[in-house]
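Below you'll find the structure, written out as structure tokens, and then a few comments.
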Amino acid sequence: MDHSSPIVPVIMAGGAGTRLWPLSRDTMPKQFIALLDEGQSTFQATLRRVAARGFDRPIVVTNHDFRFICAEQMQGIGIEGDIVLEPERRDSAAAVAVGALLAHRRNPDSVCAVLASDHVVTQEEGLLDAIREAAAAARGGWIMTLGITPDHASSAYGYIQPAEEAISGRARAITRFVEKPDVETAQRYLDEGYSWNSGNFVFGAELMLQELHAHAPEVLEGARDALEGATRDLDFLRLDQASFARCPRISIDYAVMEKTQAGGVLAAEFGWSDIGSWDSLHAMKAKDTSGNVLEGDVRAIDTTNSFVRSDNMLTTVLGLDSAVVVTTHDAVLVAARSHVAEVKRLVAQLAGEGRREAGEHLRVHRPWGWYQRIDIGAGFQVKHICVKPGGVLSLQRHFHRAEHWVVVRGTAEVTLDGKVALYHENEAAYIPVGAVHRLHNPGKIDLKLIEVQVGSYTGEDDIVRIEDVYSRG
């Protein structure tokens, strides 16, 4: 194996993150949200850690719904990479297989570092040292898991039992994986030197492909066929849908790590959290003298050890202890910190009831910018629309609604039945039912306008796209 080849980062960015609902939802999951104080998402922070520093061009594996969010956030920090689009979620084994296959194409001796994009790391050099040390073991024929040295007995994580003898340095062979235990068992594991399973891996691409062939051949076959049938879509690599759907929905832990004889673990400390709940986010943040984390337009009286966040409105709390209160434009969560692990079940219930709020925000992101519903009723809908500089909506028509656009900031270039006109602040354009139209921001600042839709039906599916620069259907 070529020991001089750079490590290939494979960034996993396709998850939904519903345990941080209502802030994190299917349409904008937690990896793309600035959860901490640095003003960047955990996805961006993950990419920045492995930018240069002896690492190769990153491979980002994400869901096709997140393609423009990924591209925009990568562009925002000046990092380029290969963005691979999963047509549907098939858990981590299929994504790891795709990453290993692509890295193997670059160089059969490639070593991959599979990193979750929704984790927080506060000690970056500690993580990078751990990756490099794990890579040395990987070049010696091991599939390494980055373990976390526990600092308390937690029932929120899976555990890994290391063997007594070292592979090299801190690296140990894996004796066994264990599922999330109760607190009493977790304390015993902590005393016996077990590690938390972080879900981050370092391995030789060739060895991972061999182990997938031995233990999860259907995953490998589906991933390989999906890559063979992949198509280029702008700057994205879109996996073949029919082939990828044949991959079993299984994690890499179950598919390979719990079966392989080449599994190793390197226990380290680098200020890690998977931000798996509101309680873990509370633990990561600085607190006031009452143990509270208060964010946004919040007022708290006689409240202790609580997490209160407002994204849109004055939020007041009185006389609470160990509570979580999160308000967004269209949903509010109030929970005891001891019950935040049940948020995922709550979201599933809302989804089962057909509640849009379970997976969608009021603000919907598009490749050209975003829109946010202000009001809706029988025969009308009002939206706030923001088009970023250079952004272009599709050339389209509607069969059931007319639209009125009032520019409140910037300049709008409106194409209407072949004629092009410019509209400035406090000017309005009228789009009749059935008219072929397009909106473009030719300026240097965001274009913001209020759209009033009037008609018998105002659903998002009343759009016939005639031409689209972003290759949407």
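UniProt numbering applies: residue 1 is where the sequence shown begins, and numbers increase by one. Using N, Cα and C, we set each Cβ at its ideal position, and we do this for glycine too.
- Message: I need the boundaries of the alpha helix (DSSP H) containing Arg105, first residue and last residue.
- Response: Counted from its first residue, the sequence shown places residue 105 at position 105. Here the alpha helix (DSSP H) through Arg105 covers Asp91 to Arg106.
- Query: Count the other CB atoms within 10 Å of the CB of His282; is the residue buried (16 or more) or exposed (fewer)?
  - Reply: If you number the sequence shown from 1, residue 282 lands on position 282. Buried, by the Cβ-count rule.
- Which whole-angstrom value describes the C-beta separation of Leu115 and Asn197, a residue pair presumed to lie in contact below a C-beta threshold of 8 Å? As a working mapping, residue 115 is identified with position 115 in the sequence shown. As a working mapping, residue 197 is identified with position 197 in the sequence shown. The pair is not a contact, with the Cβ atoms about 14 Å apart (cut-off 8 Å).
- Item | Met284 - partner residues in DSSP beta bridges | Within the sequence shown, numbered from 1, the residue matching residue 284 stands at position 284. According to DSSP, Met284 bridges with nothing at all.
- Item | Cβ neighbours of Gln40 in the same chain (closer than 8 Å, five flanking residues each side left out) | Residue 40 sits at position 40 when you count from the first residue of the sequence shown. By the criterion of a C-beta distance shorter than 8 Å, Gln40 is surrounded in its chain by Ala34, Arg48 and Ile77, once the five residues flanking it on both sides are discounted.
- Query: DSSP puts Asn197 in a beta bridge; with which residues?
  - Reply: Locating residue 197 in the sequence shown gives position 197, counting from the first residue. For Asn197, the pairing in a beta bridge is given by DSSP as Gly147.
- Query: Around the C-beta of Pro217, are 16 or more other C-beta atoms found within 10 angstroms, so that it is buried, or is it exposed?
  - Reply: Position 217 of the sequence shown, counted from the first residue, corresponds to residue 217. Only exposed fits Pro217, as fewer than 16 other CB atoms lie within 10 angstroms of its CB.
- Query: With distances taken between CB atoms, is the gap from Gly296 to Arg309 smaller than 7 Å?
  - Reply: Taking the sequence shown and counting its residues from 1, the one referred to as residue 296 is at position 296. Taking the sequence shown and counting its residues from 1, the one referred to as residue 309 is at position 309. Closer than 7 Å, so yes.
- Task: Tell me whether Met28 is buried or exposed, calling it buried when 16 or more other Cβ atoms sit within 10 Å of its Cβ.
- Result: Within the sequence shown, the letter at position 28 stands for residue 28. The residue is buried, with at least 16 neighbouring Cβ atoms inside 10 Å.
- Do Ala135 and Val111 have their CB atoms nearer than 7 Å? Translated into the one-based positions of the sequence shown, residue 135 becomes position 135. Translated into the one-based positions of the sequence shown, residue 111 becomes position 111. Cβ atoms of Ala135 and Val111: closer than 7 Å.
- Message: Please tell me whether, using a cut-off of 6 Å, the distance from the CB of Ala428 to the nearest non-hydrogen atom of the ligand MN is below it.
- Response: With respect to the ligand MN, the structure offers nothing, as it holds no ligand at all.
- Task: Locate the beta strand (DSSP E) running through Ser310, then write down its first and last residues.
- Result: In the sequence shown, counting from the first residue as 1, residue 310 sits at position 310. First-last of the beta strand (DSSP E) with Ser310: Phe307 to Ser310.
- Message: According to DSSP, is Ile83 part of a helix, a strand, or is it coil?
- Response: Within the sequence shown, the letter at position 83 stands for residue 83. Here Ile83 sits in strand by DSSP.
- Message: Suppose you measure from the CA of Ala351 to the CA of Glu125; what does that come to, to the nearest Å?
- Response: Within the sequence shown, residue 351 is the residue found at index 351, counting from 1. Within the sequence shown, residue 125 is the residue found at index 125, counting from 1. Each residue's alpha carbon lies about 41 Å from the other.
- Hey, how far is the Cα of Met12 from the Cα of Val433? Along the sequence shown, read from residue 1 onward, the residue named residue 12 stands at position 12. Along the sequence shown, read from residue 1 onward, the residue named residue 433 stands at position 433. Distance between the alpha carbons of Met12 and Val433 is about 43 Å.
- Query: Quick one: what's got a C-beta closer than 7 Å to Ile463's C-beta in the same chain, skipping five residues either side?
  - Reply: Mapped onto the sequence shown, residue 463 falls at position 463. Cβ within range, chain order: Gln396 and His398.
- Specify the secondary structure class of Lys419 as computed by DSSP and reduced to three states. Reading the sequence shown from its first residue, position 419 is the one you call residue 419. Strand at Lys419.
- Message: Check for me: the beta strand (DSSP E) holding Arg299 runs from which residue to which?
- Response: Taking the first residue of the sequence shown as 1, we reach residue 299 at position 299. In the DSSP assignment, Arg299 falls within the beta strand (DSSP E) that extends over Val298 to Ile301.
- Task: With a floor of 4 residues, list each alpha helix (DSSP H) that falls wholly inside the segment 180 to 250, ordered by position along the chain.
- Result: For the segment 180 to 250, whole alpha helix (DSSP H) runs of length 4 or above, ordered along the chain, are 183 to 191, 205 to 215, 217 to 228 and 241 to 245.
- What residue from His440, Ala223, Arg249 and Ile174 has the CA that sits closest to Ser243's CA? As a first step, residue 243 must be located in the sequence shown, where it is residue number 243. Nearest C-alpha to Ser243: Ala223.
- Message: Going by beta-carbon coordinates alone, are Gln44 and Gln73 separated by less than 7 Å?
- Response: Taking the first residue of the sequence shown as position 1, residue 44 is located at position 44. Taking the first residue of the sequence shown as position 1, residue 73 is located at position 73. Yes.
- Go ahead and pull the three-state DSSP assignment for Gly254. Position 254 of the sequence shown, counted from the first residue, corresponds to residue 254. Strictly speaking, residue 254 in this sequence is Tyr, with Gly absent from that position. Taken through DSSP and simplified to helix, strand or coil, Tyr254 comes out as helix.
- Query: Would Val406 pass as a contact of Ile450 if the rule is Cβ separation under 7 Å?
  - Reply: The residue you call residue 406 lines up with position 406 of the sequence shown. The residue you call residue 450 lines up with position 450 of the sequence shown. Cβ atoms of Val406 and Ile450: closer than 7 Å.
- Separation of Gln349 from Asp225, as counted between CA atoms: Here residue 225 refers to the residue found at position 225 when the sequence shown is read from its first residue. Here residue 349 refers to the residue found at position 349 when the sequence shown is read from its first residue. Taking the straight line joining both Cα atoms gives about 36 Å.
- Find the nearest neighbour of Phe68 within the set Ile445, Trp370 and His404, judged by alpha-carbon distance. Residue mapping note: residue 68 aligns to position 68 of the sequence shown, counting from 1. Checking every option, the nearest Cα to that of Phe68 belongs to Trp370.
- Message: Rounding to the nearest angstrom, what Cα-Cα distance links Val178 and Met313 in this structure?
- Response: For the purposes of this step, residue 178 is taken as the residue at position 178 of the sequence shown. For the purposes of this step, residue 313 is taken as the residue at position 313 of the sequence shown. Distance between the alpha carbons of Val178 and Met313 is about 43 Å.
- Task: Return yes when the Cβ of Pro9 is within less than 7 Å of the Cβ of Pro58, no when it is not.
- Result: Walking along the sequence shown from the start, residue 58 turns up at place 58. Walking along the sequence shown from the start, residue 9 turns up at place 9. Less than 7 Å divides the Cβ of Pro58 from the Cβ of Pro9.
- Task: Report the partner residues of Lys383 according to the DSSP bridge assignment.
- Result: For this step, residue 383 is matched to residue 383 along the sequence shown. According to DSSP, which records beta bridges pairwise, Lys383 is partnered with Arg373 and Glu451.
- Please name the residue, chosen from Ala286, Thr289 and Val96, that lies closest to Thr62 on a Cα-to-Cα basis. For this step, residue 62 is matched to residue 62 along the sequence shown. The option with the nearest alpha carbon to Thr62 is Val96.
- Item | Buried or exposed (CB count within 10 angstroms, at least 16 for buried), His424 | Counting from one through the sequence shown, the residue named residue 424 turns up at place 424. By the 10 Å Cβ count, His424 comes out exposed.
- Grab the span of the alpha helix (DSSP H) containing Val347 for me, first residue to last. On the sequence shown, position 347 is the one that residue 347 refers to. Looking at the DSSP string, the run of the alpha helix (DSSP H) that includes Val347 is Val343 to Gly352.
- Message: For the beta strand (DSSP E) containing Leu128, name the first residue and the last one.
- Response: In the sequence shown, counting from the first residue as 1, residue 128 sits at position 128. Per DSSP, Leu128 belongs to no beta strand (DSSP E); it is in the alpha helix (DSSP H), Glu124 to Arg139.
- Item | Residue nearest to Asp417 in terms of C-alpha spacing, selected from Asp118, Pro150 and Arg438 | Taking the first residue of the sequence shown as position 1, residue 417 is located at position 417. Considering only alpha carbons, the answer is Arg438.
- Message: So His329 and Leu362 are supposed to be a Cβ contact under 8 Å. How far apart are they, rounded?
- Response: As a working note, residue 329 is residue 329 in the sequence shown. As a working note, residue 362 is residue 362 in the sequence shown. That belief holds up - the Cβ atoms of His329 and Leu362 are roughly 4 Å apart, short of 8 Å.
- Starting from Gln44 and walking both ways along the alpha helix (DSSP H), at which residues does that stretch end? On the sequence shown, residue 44 is found 44 positions in, with the first residue counted as 1. Element bounds for Gln44: Thr42 to Arg49.
- Apart from the five residues just before and just after Glu221, which ones in its own chain have a Cβ nearer than 6 Å to its Cβ? For the purposes of this step, residue 221 is taken as the residue at position 221 of the sequence shown. The beta carbon of Glu221 sits closer than 6 Å to none of the beta carbons in its chain outside the five residues before and after it.
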